[in-house]
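Enquirer: For the protein sequence lines, the chains are A and B, in the order given. Okay, so the first sequence: first residue is 1 according to this note's numbering, each after it adds one. Okay, so the second sequence: first residue is 1001 according to this note's numbering, each after it adds one. For every residue, glycine included, the Cβ atom is placed at its ideal position computed from N, Cα and C.
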Amino acid sequence: MKYRSVFDIIGPIMIGPSSSHTAGAARIGRVARRIFGRKPDRATITLYGSFAKTYKGHGTDIAIVGGLLDLDTFDEGIVRSLEMAKEQGIQVTIQASEEDVDHPNTAKIELSGDQHHLEIVGTSIGGGSIEIISINGFNLRLSGHHPALLVLHEDKYGMIAQVANVLSKFKLNIGHMEVARKSKGSEALMVIETDQPIGEQVLAEIGEIPSILTVTKVEL
Amino acid sequence: MFKTVSELVERAERENKKIAEIMIEQEIQMSGKSKEQIMDNMAKAYRVMEKAVQRGTTEDIQSHSGLTGGDARKLQRYIQQGHVLSGTHVLEAVSKAMATNEVNAAMGTICATPTAGAAGIVPGCLFAVAEKLQPSFEERLHFLFTAGAIGYVIANNAFIAGATGGCQAETGSATAMAAAAIVEMAGGTPTQSAHALAIALQNLLGLVCDPVAGLVEVPCVKRNAIGAAIAMVAADMALAGIKFIIPADEVIEAMYRIGKTMPHTLKETALGGLAATPTGKALESRIFGTELVKA
Chain A
1 MKYRSVFDII
11 GPIMIGPSSS
21 HTAGAARIGR
31 VARRIFGRKP
41 DRATITLYGS
51 FAKTYKGHGT
61 DIAIVGGLLD
71 LDTFDEGIVR
81 SLEMAKEQGI
91 QVTIQASEED
101 VDHPNTAKIE
111 LSGDQHHLEI
121 VGTSIGGGSI
131 EIISINGFNL
141 RLSGHHPALL
151 VLHEDKYGMI
161 AQVANVLSKF
171 KLNIGHMEVA
181 RKSKGSEALM
191 VIETDQPIGE
201 QVLAEIGEIP
211 SILTVTKVEL
Chain B
1001 MFKTVSELVE
1011 RAERENKKIA
1021 EIMIEQEIQM
1031 SGKSKEQIMD
1041 NMAKAYRVME
1051 KAVQRGTTED
1061 IQSHSGLTGG
1071 DARKLQRYIQ
1081 QGHVLSGTHV
1091 LEAVSKAMAT
1101 NEVNAAMGTI
1111 CATPTAGAAG
1121 IVPGCLFAVA
1131 EKLQPSFEER
1141 LHFLFTAGAI
1151 GYVIANNAFI
1161 AGATGGCQAE
1171 TGSATAMAAA
1181 AIVEMAGGTP
1191 TQSAHALAIA
1201 LQNLLGLVCD
1211 PVAGLVEVPC
1221 VKRNAIGAAI
1231 AMVAADMALA
1241 GIKFIIPADE
1251 VIEAMYRIGK
1261 TMPHTLKETA
1271 LGGLAATPTG
1281 KALESRIFGT
1291 ELVKA
């Protein structure tokens, strides 16, 4: 079931004109910001498919930048997000690509700053719902609807069990989980969506497990 | 958990509940939130819809492209002259649907129902029917839960975005959602809601998504208008006891199959239909300075 809540249908409350081209775009931007975890110095946004063709009229670029500023879909600040980004010293580049993509509404967002780099690809699947389909080259599926943990770790045995132990200790139930890796024995990424909010202590304990590289929380 | 209209209707009839109540129960179960929180969330959505209708019917709304705005007010003035042919409440629904969509096109605040492009139909019908029936605030929220339940089934079994299923997936879904909710607010049975849904959706099967210049403005605002009218009439038909021979779930499945086989030129790419007419292309050049990149 792609749509789980009645508020996926009656909602989101948003700035017009398009739930997929404006609200969904803002959400992709906001997930990127939350994963990046800080204000980026530079943002390069590449639009594909229908996003690439109609972004000017739908304000898709403005919406994604609004999301990068951590604005919600209904924040009226979205309308002037490009100026706000400039005021905050974020250098934004928007480009449209003619490259073929699987989903008509696809955006790639590259963020950098403070010696960090993030590349995420998101799709806007309709009605404001989104899926993040790639993070730093790891293919995955993340909806942004539920609290999620992103755990980057070395690809070796026992990692899932150790992370699951911590979740179990804090009584967090896993709603959806995926493990992706680029090749055997290299780095791997665990994406865990939970039914309950994830506390800071959970992140700290998972971070202490040997062979865990980074732990990030995504909550919108 | 319900996945189909038939499961939803069966449960509502068996437990002697409204579709809205089944949706609320499921939301409590899925989200872990209290009933109060869920009602509060819906009340927020309701207020946004109310404000958009208010703005669109009283303010001078114009979109940035200049393609849309002002038609909802025009219809309001026409209704007030008192020479309405198709029925005051139908035209109130039409005017309020356009009001919401004009506000949407002008980058105003709206609530997607189920999408922004089709955001006028459900509130348009809600506020028009509420003028007639004078329901309580809770019943107004129930209207939105009933509409949401139908949209939930359609979204999970077919689609709700023009880019994936054509405009039948957007205004078609919204019209079906509104028709079922009108029936329930007017005191009809869950089975009658399902018939209204089927009658409404079958009339929009095959509807292409061909936005001029790729914008959610033309033909969208007027499709919201007529969608609201179809929802009102479909609801009246179902309340009169008229049935549709193909079950609602099969109509939804038909919508899905049609959308799947629809060429991409008719799915929000601005390459076909009205977008490809000489006037459509001229407007595109005027707004963007050039034709959009064709891929």
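Pull the bridge partners of Met1023 of chain B from the DSSP assignment, please.
Expert: Answer is none; Met1023 of chain B lacks a bridge partner.
Enquirer: Within the same chain, show all residues whose beta-carbon is closer than 6 Å to that of Gly1289 of chain B, passing over the 5 residues directly before and after it, in chain order.
Expert: So no residue of the chain qualifies.
Enquirer: By the DSSP assignment, the alpha helix (DSSP H) with Met177 of chain A in it spans what residues?
Expert: No alpha helix (DSSP H) holds Met177 of chain A; the beta strand (DSSP E) holding it covers 174-181.
Enquirer: In whole angstroms, give me the CA-to-CA distance for Arg141 of chain A and Gly1187 of chain B.
Expert: Computed Cα separation, rounded: 42 Å.
Enquirer: Quick one: what's got a C-beta closer than 8 Å to Ile9 of chain A's C-beta in the same chain, skipping five residues either side?
Expert: If we look at Ile9 of chain A and ignore the five residues flanking it on each side, its Cβ neighbours are Tyr3, Gly127.
Enquirer: What residues of chain A sit near Phe1145 of chain B, judged by a beta carbon separation below 9 Å?
Expert: Those are Val6, Ile10, listed as they occur along chain A.
Enquirer: I need the straight-line Cα distance from Lys217 of chain A to Leu203 of chain A, nearest angstrom please.
Expert: Looking at the two C-alpha atoms, the distance is approximately 8 Å.
Enquirer: Who are the neighbours of Glu76 of chain A on chain B, taking C-beta pairs under 8 Å?
Expert: Those are Thr1109, listed as they occur along chain B.
Enquirer: Using beta-carbon positions only, say whether Asn1156 of chain B and Glu1253 of chain B come within less than 8 Å of one another.
Expert: No, they are not a contact pair.
Enquirer: Which word fits Ser1086 of chain B, buried or exposed, when buried means at least 16 other C-beta atoms lie within 10 angstroms of its C-beta?
Expert: Ser1086 of chain B is exposed by the Cβ-count criterion.
Enquirer: Taking its Cβ as the centre, do 16 or more other Cβ atoms sit within 10 Å of Ser19 of chain A, making it buried, or is it exposed?
Expert: The residue is buried, with at least 16 neighbouring Cβ atoms inside 10 Å.
Enquirer: Starting from Gln162 of chain A, trace the alpha helix (DSSP H) in both directions and tell me its first and last residue.
Expert: Here the alpha helix (DSSP H) through Gln162 of chain A covers 159-169.
Enquirer: Comparing C-alpha positions only, which one of A:Leu220, A:Asp41, A:Ile64 sits nearest to Gln196 of chain A?
Expert: Of A:Leu220, A:Asp41, A:Ile64, the residue nearest in Cα terms is A:Leu220.
Enquirer: Can you check whether the C-beta of Ser1031 of chain B is within less than 8 Å of a C-beta belonging to chain A?
Expert: Closer than 8 Å to some Cβ of chain A, the Cβ of Ser1031 of chain B qualifies, so yes.
Enquirer: Taking the beta strand (DSSP E) that Gly29 of chain A falls in, what are its first and last residues?
Expert: Careful: Gly29 of chain A lies outside any beta strand (DSSP E), inside the alpha helix (DSSP H) at 24-36.
Enquirer: For the candidate residues A:Met1, A:Phe7, A:Thr214, whose alpha-carbon lies nearest to that of His116 of chain A?
Expert: His116 of chain A has its Cα closest to that of A:Thr214, out of A:Met1, A:Phe7, A:Thr214.
Enquirer: Mind checking if Asp195 of chain A is an interface residue toward chain B, Cβ cutoff 8 Å exclusive?
Expert: Yes, contact with chain B.
Enquirer: Assuming Leu150 of chain A contacts Ile135 of chain A (C-beta within less than 8 Å), just tell me the rounded distance between them.
Expert: Right, their Cβ atoms sit about 7 Å apart.
Enquirer: Rounded to a whole number of angstroms, what is the C-alpha to C-alpha distance between Thr1113 of chain B and Glu1050 of chain B?
Expert: Cα-Cα distance, rounded: 13 Å.
Enquirer: List the DSSP bridge partners of Glu1089 of chain B.
Expert: It is worth fixing the name first, because residue 1089 of chain B is His in this sequence and not Glu. According to DSSP, which records beta bridges pairwise, His1089 of chain B is partnered with nothing at all.
Enquirer: Against Ala23 of chain A, what residues of chain B qualify as contacts under a CB-to-CB distance less than 8 Å, listed in chain order?
Expert: Chain B residues near Ala23 of chain A: Ala1112, Ala1116.
Enquirer: Counting pairs of beta carbons, one from the stretch 22-32 of chain A and one from the stretch 52-70 of chain A, are three or more of them closer than 8 Å?
Expert: Flag = yes, the stretch 22-32 of chain A and the stretch 52-70 of chain A touch.
Enquirer: Is the Cβ of Asn1104 of chain B closer than 8 Å to any Cβ of chain A?
Expert: By this cut-off, Asn1104 of chain B is an interface position.
Enquirer: Return the CA-CA distance between Val1208 of chain B and Asn1224 of chain B, expressed in angstroms with no decimal places.
Expert: Rounded to the nearest angstrom, the two C-alpha atoms are 14 Å apart.
Enquirer: Tell me, which residues are paired with Met190 of chain A by DSSP?
Expert: Answer is A:Val151, A:Val179.
Enquirer: At which residues does the alpha helix (DSSP H) containing Ser81 of chain A begin and terminate?
Expert: Looking at the DSSP string, the run of the alpha helix (DSSP H) that includes Ser81 of chain A is 81-87.
Enquirer: Among B:Ile1028, B:Thr1189, B:Ala1229, which residue has its Cα nearest to the Cα of Arg1014 of chain B?
Expert: Nearest C-alpha to Arg1014 of chain B: B:Thr1189.
Enquirer: Have a look at Thr1115 of chain B and Met1042 of chain B and give me their C-alpha separation to the nearest angstrom.
Expert: Taking the straight line joining both Cα atoms gives about 16 Å.
Enquirer: Identify the continuous alpha helix (DSSP H) that holds Asn139 of chain A and give its terminal residues.
Expert: First-last for Asn139 of chain A: 138-142, but that is the beta strand (DSSP E), not the alpha helix (DSSP H).
Enquirer: Residue ranges of each alpha helix (DSSP H) run of no fewer than 4 residues wholly in the stretch 1032-1090 of chain B, ordered along the chain?
Expert: DSSP runs (the alpha helix (DSSP H)) wholly in the stretch 1032-1090 of chain B: 1035-1058, 1071-1081.
Enquirer: Going by other Cβ atoms of all chains shown within 10 Å of its Cβ, with 16 needed for buried, is Met14 of chain A buried or exposed?
Expert: The residue is buried, with at least 16 neighbouring Cβ atoms inside 10 Å.
Enquirer: Using alpha carbons as the reference points, say which of A:Ile35, A:Ile133, A:Gly175, A:Glu208 lies closest to His153 of chain A.
Expert: Minimum Cα distance to His153 of chain A is reached at A:Glu208.
Enquirer: Take every Cβ of the stretch 1228-1246 of chain B, pair it with every Cβ of the stretch 1092-1104 of chain B, and state whether three or more of those distances are shorter than 8 Å.
Expert: Touching, yes, given that three or more Cβ pairs across the two stretches are closer than 8 Å.
Enquirer: For Met84 of chain A, I'd like the list of residues in its chain whose CB is within less than 7 Å of its CB, leaving aside the five on either flank, ordered along the chain.
Expert: Here the set comprises Leu69, Gly77.
Enquirer: Note down, in chain order, every chain C residue with its Cβ under 7 Å from the Cβ of Pro147 of chain A.
Expert: This model lacks chain C altogether; the protein chains it does include are A and B.
Enquirer: Which residues of chain B have a Cβ atom closer than 7 Å to the Cβ of Asn105 of chain A, listed in chain order?
Expert: The contacting residues are Ala1163.
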